[in-house]
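Engineer: The numbering of the sequence shown is our numbering, which starts it at 58 and goes up by one.
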Amino acid sequence: MFPARKGAGHRRRRRGPVAIGVAVLGAGAAGVLLLSPAHAGTVQPPVLGTVAQPPAPAPAALSARIAGAVKADSGPARAPLAASTTTKSSGTAGTTVDPKIIGGTTTTISTAPWMAQLWYYDDNGTPADETDDTGFFCGGTVVSPTKILTASHCVHGYDWFQFGAVVTGTDQLPTTNADDTANLHGGTATGVQRQWNHPSYSSVTYDNDVAVLTLNRPVTAKPLPITTAGDTASYGAGTAATLYGWGRTSSTTQDLAQTLKKASMPIVSNAACSSAWGSDYVAAHMVCAGPPASGSDAGTTSACNGDSGGPLVVAGRVVGVVSWGVQDCVEKGAYSVFSRVSAFAGAIDPRLDDTDITHDGKADLLAVTPAGATYYYASKGTTVNGRVADGNLAGTGMIRQTDLNRDGFQDVLARTTDGQLYFLNGQAGTSDIRLGAGWNAMRALVAPGDLNGDGLPDLVATDTGGTMWYYPGNGNGTVGARHSVGGGWNIYNGVIYGKGDLSGDGRPDLVARDSAGVMWLYKGSGSATKPFQTRTRIGAGWNIYNIIATVGDITGDGHADLVARDSSGVLWLYKGTGSATAPLAARTEICAGWNIYNKLG
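See the structure below:
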């Protein structure tokens with residue numbers, strides 16, 4: 058559970074919930090050839106500049122953070138718990154309890170390779186004084202190679218770049234060595250590059266309790282995809298679900314489970330959960346799971362302190378994030394409460410597929426002049442900052458912004474005028490990749506995101522005959538063997554775009570403009586064999602624009618957006634609404650003068 062910071066008062070609530078996690082201790086077309094060594098040639102890839110990023114923490118620093126958090130966890134001093142189960146924390150920092158699954162069974166990392174341990178330790182500038190240390194543990198899920206899904210109450214108010222570490226690849230919690238370094242028992246420690254928590258998160262009600270950490274390098278753990286916004290089947294009463302975590306295994310001890318646990322936690326109806334929790338339960342954003350607690354460890358299966366941020370899994374997808382419950386986890390009749398991931402899929406998805414050059418949570422825009430001078434414009438939400446020079450892309454005929462290698466840095470796909478396709482790595486000090494020749498046989502090339510649900514971004518391209526080809530992403534800047542997903546796309550004359558989720562269901566979509574100026578939406582289906590659903594007409598009059606670009610969530614509100622330039626050079630923003638029938642709001646002007654560019658990202 059999640060008592061308030063040391064010295065803070067406690068808010069009285071009717072059978073108030075307690076956060077179950079932060080335990081703060083002590084306070085292509087014919088002829089397209091890909092990746093063939095025979096095509097290694099003398100053509101040099103364009104040069105693209107990168108935005109400077111803060112240095113990643115050294116392994117020794119990560120080890121020290123983990124060891125500090127583990128030591129704090131085992132230290133004798135703890136802040137007192139709330140006096141009764143009717144108490145709920147009014148804040149998200151300084152908690153003192155560690156949670157674990159009660160009623161679970163031991164499992165292995167091979168059955169849950171996507172499980173992540175989140176360790177946080179800050180000595181508050183007084184290394185000799187352990188009484189003011191802030192250290193805690195939460196669970197998380199690897200949802201793409203650099204992205205960890207967890208709870209907002211594990212992230213909000215903390216500086217994970219300075220004080221956090223994420224451990225993957227082991228079912229054992231760390232222990233400390235004699236020299237105060239951490240023994241990870243085969244796991245790998247990774248630093249956090251940046252953090253995001255839902256902007257509407259409430260530390261009082263635990264509403265909107267979802268967050269994403271971006272790691273400073275990819276991990277090898279197999280990702281577990283999140284569910285989609287349209288998923289209702291996973292939340293039906295009685296649906297089999299499984300909880301994973303290292304949280305408390307008993308209401309009578311604060312110790313975390315040394316080995317990963319899992320527990321069967323059937324989904325509970327909204328009616329039953331509302332009856333148990335009253336107005337504390339927000340049905341649209343939360344879900345209960347597991348049988349009602351028995352009043353003691355015996356007969357109880359429940360999430361508990363230390364499980365916070367961990368996943369509730371149905372049919373191979375994350376449907377819930379451990380959020381809150383009663384203190385000590387076994388109060389008779391109580392249910393474990395999770396954040397309902399389907400409600401937040403649209404907000405989470407843009408965090409997983411970056412076109413965010415400046416790493417502020419908003420997608421930014423690349424622009425290229427006919428001579429190849431390349432600039433980026435950082436988003437201000439509904440307008441943009443002044444341009445920043447970003448290299449040269451002379452000799453390119455098409456560019457697409459995407460994080461194709463899932464390293465958390467925005468990359469560019471660039472097709473040269475002679476049909477070469479390059480992956481231009483967005484992280485400094487890394488190599489670009491020549492993907493092959495023959496790509497001028499493609500009239501359109503789109504990098505919409507993860508189309509098949511494997512956590513890796515994919516490509517689609519349409520050839521001059523109107524056939525669409527699907528290229529599965531490999532997660533390293535390359536793509537796998539293509540297959541056809543249908544014909545008839547030549548009615549759009551190559552005017553096909555897509556980046557992220559326009560319809561609000563958590564799946565990436567496409568938009569296409571026909572010769573009459575009508576714009577059509579193709580919703581993502583989640584299937585690699587048929588990645589898009591039947592088209593929906595979303596508006597006319599789009600032939601007034603000579604360039605359209607989709608680069609993701611420009612406004613930072615969780616919905617993908619679109620920009621379009623008219624013949625006079627004015628750039629317009631169409632904000633995404635998250636609606637499948639009217640996905641774009643009325644346009645607003647960004648600014649004029651964009652007719653100096655012939656390519657936008």
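The C-beta atom is built at its ideal place from N, Cα and C for all residues, glycine as well.
Predicted model, so just to flag it, every value in this text is computed and none were measured.
Quick one, which of N600, V344, L578 has its alpha-carbon nearest D618's?
Structural biologist: Within the sequence shown, numbered from 1, the residue matching residue 618 stands at position 561. Considering only alpha carbons, the answer is L578.
Engineer: What first and last residue would you give for the alpha helix (DSSP H) that runs through P407?
Structural biologist: Reading the sequence shown from its first residue, position 350 is the one you call residue 407. 398 to 409 is the extent of the alpha helix (DSSP H) around P407.
Engineer: The beta strand (DSSP E) that contains C648, what's its start and end?
Structural biologist: Residue 648 sits at position 591 when you count from the first residue of the sequence shown. C648 -> beta strand (DSSP E) spans 645 to 648.
Engineer: Work out the CA separation of G626 and N550 for me, nearest whole Å.
Structural biologist: Against the sequence shown, residue 550 aligns to sequence position 493. Against the sequence shown, residue 626 aligns to sequence position 569. One C-alpha to the other measures close to 22 Å.
Engineer: Compute the distance between the beta-carbons of A498 and D515, then report whether it is under 8 Å.
Structural biologist: As a working note, residue 498 is residue 441 in the sequence shown. As a working note, residue 515 is residue 458 in the sequence shown. Going by C-beta atoms, A498 is not nearer than 8 Å to D515.
Engineer: Look at the alpha carbon of A333 and the alpha carbon of P348, and state the distance between them as a whole number of angstroms.
Structural biologist: Within the sequence shown, residue 333 is the residue found at index 276, counting from 1. Within the sequence shown, residue 348 is the residue found at index 291, counting from 1. Using only the alpha carbons, I get a separation of about 12 Å.
Engineer: In the DSSP assignment, the alpha helix (DSSP H) including C386 goes from what residue to what residue?
Structural biologist: Taking the sequence shown and counting its residues from 1, one reaches residue 386 at position 329. First-last for C386: undefined, no H or E at that position.
Engineer: Are S396 and M322 close, meaning C-beta to C-beta below 8 Å?
Structural biologist: Counting from one through the sequence shown, the residue named residue 396 turns up at place 339. Counting from one through the sequence shown, the residue named residue 322 turns up at place 265. Not a contact, by the Cβ cut-off of 8 Å.
Engineer: Using the rule of at least 16 other Cβ atoms within 10 Å of the residue's Cβ for burial, across every protein chain shown, is G650 buried or exposed?
Structural biologist: Numbered from its first residue, the sequence shown carries residue 650 at position 593. Under this definition G650 is an exposed residue.
Engineer: Taking the alpha carbon of Y178 as the reference point, which residue from Y215, S351, T163 has its own alpha carbon closest?
Structural biologist: Numbered from its first residue, the sequence shown carries residue 178 at position 121. With distances taken between Cα atoms, Y178 lies closest to Y215.
Engineer: Apart from the five residues on each side of it in sequence, which residues of its chain come closer than 7 Å, Cβ to Cβ, to Q467?
Structural biologist: On the sequence shown, position 410 is the one that residue 467 refers to. These residues qualify, in order along the chain: D411, T412, D413, I414, Q458, D460, G483.
Engineer: Which partner residues does T233 have in the DSSP bridge list?
Structural biologist: Your numbering for residue 233 matches position 176 in the sequence shown. Paired residues: A239.
Engineer: Could you tell me how far apart the beta carbons of P368 and V276 are, in whole angstroms, since I believe they sit closer than 8 Å?
Structural biologist: Indexing the sequence shown from 1 puts residue 368 at position 311. Indexing the sequence shown from 1 puts residue 276 at position 219. Wrong, their Cβ atoms sit about 16 Å apart, outside the cutoff.
Engineer: Output the boundary residues of the alpha helix (DSSP H) element that contains A333.
Structural biologist: Here residue 333 is taken as the residue at index 276 of the sequence shown, counted from 1. From DSSP, the alpha helix (DSSP H) with A333 extends over 327 to 334.
Engineer: Nearest to V398 by alpha carbon, out of G182, T233, T284?
Structural biologist: Taking the sequence shown and counting its residues from 1, the one referred to as residue 398 is at position 341. Taking only the C-alpha atoms, the option nearest V398 is T284.
Engineer: Assign S436 to one of two classes, buried (16 or more other C-beta atoms within 10 Å of its C-beta) or exposed (fewer than that).
Structural biologist: Within the sequence shown, numbered from 1, the residue matching residue 436 stands at position 379. Under this definition S436 is a buried residue.
Engineer: By the DSSP assignment, the alpha helix (DSSP H) with Q219 in it spans what residues?
Structural biologist: Taking the first residue of the sequence shown as 1, we reach residue 219 at position 162. 217 to 220 is the extent of the alpha helix (DSSP H) around Q219.
Engineer: Taking its Cβ as the centre, do 16 or more other Cβ atoms sit within 10 Å of D189, making it buried, or is it exposed?
Structural biologist: As a position in the sequence shown, residue 189 is number 132, starting the count at 1. By the 10 Å Cβ count, D189 comes out exposed.
Engineer: How would you write the range of the beta strand (DSSP E) that Y301 sits in, first residue to last?
Structural biologist: Counted from its first residue, the sequence shown places residue 301 at position 244. From DSSP, the beta strand (DSSP E) with Y301 extends over 299 to 302.
Engineer: So what does DSSP say about R564, is it helix, strand or coil?
Structural biologist: On the sequence shown, position 507 is the one that residue 564 refers to. In the structure shown, R564 sits in coil (DSSP, three-state: anything other than H, G, I, E or B).
Engineer: Can you tell me the Cα-Cα spacing of G512 and P282, whole angstroms?
Structural biologist: Residue 512 sits at position 455 when you count from the first residue of the sequence shown. Residue 282 sits at position 225 when you count from the first residue of the sequence shown. If I take the Cα positions, the gap works out to 6 Å.
Engineer: Taking C-alpha atoms, which residue in L175, D186, Q250 lies nearest to T227?
Structural biologist: Residue 227 sits at position 170 when you count from the first residue of the sequence shown. Ranking L175, D186, Q250 by Cα distance to T227 puts L175 first.
Engineer: To the nearest angstrom, how far is the alpha carbon of T271 from that of Q250?
Structural biologist: Along the sequence shown, read from residue 1 onward, the residue named residue 271 stands at position 214. Along the sequence shown, read from residue 1 onward, the residue named residue 250 stands at position 193. So the alpha carbons of these two residues sit roughly 6 Å apart.
Engineer: In whole angstroms, what separates the C-alpha of C345 from that of D447?
Structural biologist: For the purposes of this step, residue 345 is taken as the residue at position 288 of the sequence shown. For the purposes of this step, residue 447 is taken as the residue at position 390 of the sequence shown. The alpha-carbon atoms of C345 and D447 are separated by roughly 48 Å.
Engineer: Starting from L423, follow its DSSP beta bridges and name the residues at the other end.
Structural biologist: The residue labelled residue 423 in the question sits at position 366 within the sequence shown. BP columns for L423 point to Y433.
Engineer: Under 8 Å by Cβ, that's how I've got V371 and S380 pegged, so tell me the actual separation to the nearest angstrom.
Structural biologist: Counting from one through the sequence shown, the residue named residue 371 turns up at place 314. Counting from one through the sequence shown, the residue named residue 380 turns up at place 323. Contact flag wrong, Cβ pair sits at about 16 Å.
Engineer: Restricting to runs no shorter than 3 residues, where is the beta strand (DSSP E) found entirely within the segment 440 to 489?
Structural biologist: Runs of the beta strand (DSSP E) inside the segment 440 to 489: 445 to 449, 453 to 459, 468 to 473, 478 to 481.
Engineer: Could you check what DSSP says for L513 in three-state terms: helix, strand or coil?
Structural biologist: Mapped onto the sequence shown, residue 513 falls at position 456. Of the three classes helix, strand and coil, the one that applies to L513 here is coil, per DSSP.
Engineer: Looking only at its chain, what residues have a beta carbon closer than 6 Å to the beta carbon of V536, apart from the 5 residues adjacent to it on each side?
Structural biologist: By 1-based counting over the sequence shown, the position of residue 536 is 479. Here the set comprises L516, Y528, G530.
Engineer: Hey, T431 and L450: beta-carbon distance below 8 Å or not?
Structural biologist: Along the sequence shown, one-based indexing puts residue 431 at 374. Along the sequence shown, one-based indexing puts residue 450 at 393. Cβ atoms of T431 and L450: closer than 8 Å.
Engineer: Going along the chain, which residues of its own chain have a beta-carbon closer than 6 Å to the beta-carbon of G609, five neighbours each way excluded?
Structural biologist: As a working mapping, residue 609 is identified with position 552 in the sequence shown. Closer than 6 Å at the Cβ level, and outside the excluded window around G609, lie P407, T412, A420, K556, G557, A617.
Engineer: Determine which residues share a DSSP beta bridge with T162 and list them.
Structural biologist: On the sequence shown, position 105 is the one that residue 162 refers to. Answer by DSSP bridge pairing, in chain order: K319.
Engineer: State the beta-bridge partners of K656 as determined by DSSP.
Structural biologist: What you label residue 656 is simply residue 599 of the sequence shown in a count that begins at 1. Partner(s): V425.
Engineer: First and last residue of the beta strand (DSSP E) that includes N603?
Structural biologist: Walking along the sequence shown from the start, residue 603 turns up at place 546. That run of the beta strand (DSSP E) goes 602 to 609.
Engineer: Quick one: Cα of S291 to Cα of V376, how far?
Structural biologist: The count along the sequence shown starts at 1 and reaches residue 291 at position 234. The count along the sequence shown starts at 1 and reaches residue 376 at position 319. Each residue's Cα considered, the two are about 7 Å apart.
Engineer: Using a Cβ-Cβ cutoff of less than 7 Å, which residues in the same chain neighbour S572 once the five nearest sequence positions on both sides are dropped?
Structural biologist: Here the question's residue 572 lines up with position 515 in the sequence shown. Only N550 meet the Cβ criterion.
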